[in-house]
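K.L.:
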Amino acid sequence: MQSLSQWRDRAEMLTPPFPWDRPRWRDRGGETVVLLHGLWRGWRAMQPLARALEAEGYSTLNIPYPSARLPIGTLANHVRSHIEKVASDRPVNFITHSLGGILARAILSENPSWATGKVIMLAPPHGGSEIVDWSRNHPLLHLALGPAGRSLGTDGAPTTLPFLPAGTDAAVIMGSRCSIPIFKGLLGDQNDGIVSADRGKIEGLKGFSVIDADHTFIQMHPETIRLSLQFLKDGTWPA
């Protein structure tokens, strides 16, 4: 049964982005963790995770970006400009959700010095998503995905972007709970309703786990938080 605080977190995460949203920087004195939300979402989608990180002494930079309006390269430049404002002598880590993981790949390929920190990607469509392929036969949905979303097909941008810089400490967490039954038949045996678990894999990962979570709320899952904090702390991942 969900607690009151969990329902509050879910409501916050579903709050749509607003034009006046700005990056949220919380300096707690520790290493910086950059948080990047996914398609159609806003910074509030990452706030439960941000609070857990801040409680452990990490500084957080939770960056909103117009995910459904611009192509991946332009979005990456937008995010990069905000990271540069706080990047210092402290390591920069990333925790991303969905499209945010693709942006992290684009950013780190151009800024390899930032790859000295940890990178944790939640439900990233590194191999694209079959749902984007399917949307090509449904023009309104395909249009609503925006330039970045439309490029996330199984033959699209995720398969052509550079891999992470060599030596990057990166891990991926995928979900296996399908909360959108209409899409279940389009995806692999293990999926979160949006992305098949196998499509989250990418060359050079230090860790890969599939947990009982759906695509929308994987950020607040206790196992996501536990694995992320452990990886940030000592770089270890369960076998």
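Under my numbering, the residues of the sequence shown are numbered 275 to 513, in order. Positions of the beta carbon are idealized from the N, C-alpha and C atoms, including for glycine.
1. Here's the rule I'm using: 16 or more other beta-carbon atoms within 10 Å means buried, otherwise exposed. How should E404 be labelled?
2. Under a three-way DSSP split, which group does F505 fall into?
3. Can you give me the C-alpha to C-alpha distance between W294 and L335, rounded to a whole angstrom?
4. Please report the residue range of the alpha helix (DSSP H) in which M287 lies.
5. Does the distance from the C-beta atom of G263 to that of I492 stay below 7 angstroms?
6. List the endpoints of the continuous alpha helix (DSSP H) containing F457.
7. So A445 and G481 are supposed to be a Cβ contact under 8 angstroms. How far apart are they, rounded?
8. Give the secondary structure of A513 by DSSP, where H, G and I count as helix, E and B as strand, and everything else as coil.
9. Given a threshold of 16 other Cβ atoms within 10 Å of its Cβ, counted over all protein chains shown, does L278 qualify as buried or as exposed?
10. Would L377 and A350 be called neighbours here (beta carbons separated by less than 7 angstroms)?
11. Can a CB atom of chain C be found closer than 7 angstroms to the CB of D429?
12. Where A361 and P421 are concerned, what is the direct C-alpha to C-alpha distance, given to the nearest angstrom?
13. Can you name the start and end residues of the alpha helix (DSSP H) that L349 belongs to?
14. Where do the ends of the beta strand (DSSP E) carrying H371 lie?
15. Using alpha carbons as the reference points, say which of L479, M320, D488 and M494 lies closest to P512.
16. Among residues of its own chain, excluding the 5 on either side of T428, which ones have a beta-carbon nearer than 8 angstroms to its beta-carbon?
17. Could you tell me which of P496, L460, A319 and R298 sits nearest to H371, measuring between CA atoms?
18. With a threshold of 8 angstroms on Cβ separation, who are the neighbours of D466 within its own chain once the five nearest residues in sequence on each side are excluded?
19. Are there 16 or more other CB atoms within 10 angstroms of the CB of A389, so buried, or fewer, so exposed?
P.N.:
So, from the listed chains and residues:
1. buried
2. helix
3. 17 angstroms
4. L278 to M287
5. Since the first residue of the chain shown is 275 and the last is 513, residue 263 is not available in this structure.
6. P455 to K458
7. 3 angstroms
8. coil
9. exposed
10. yes
11. Within the model displayed, chain C is absent; a lone protein chain is all it includes.
12. 28 angstroms
13. I346 to V360
14. V366 to H371
15. L479
16. G401, G402, S403, E404, V406, D407 and R473
17. A319
18. A397, M448, G449, S450, R451, C452, S453, A487, D488, H489 and I492
19. buried
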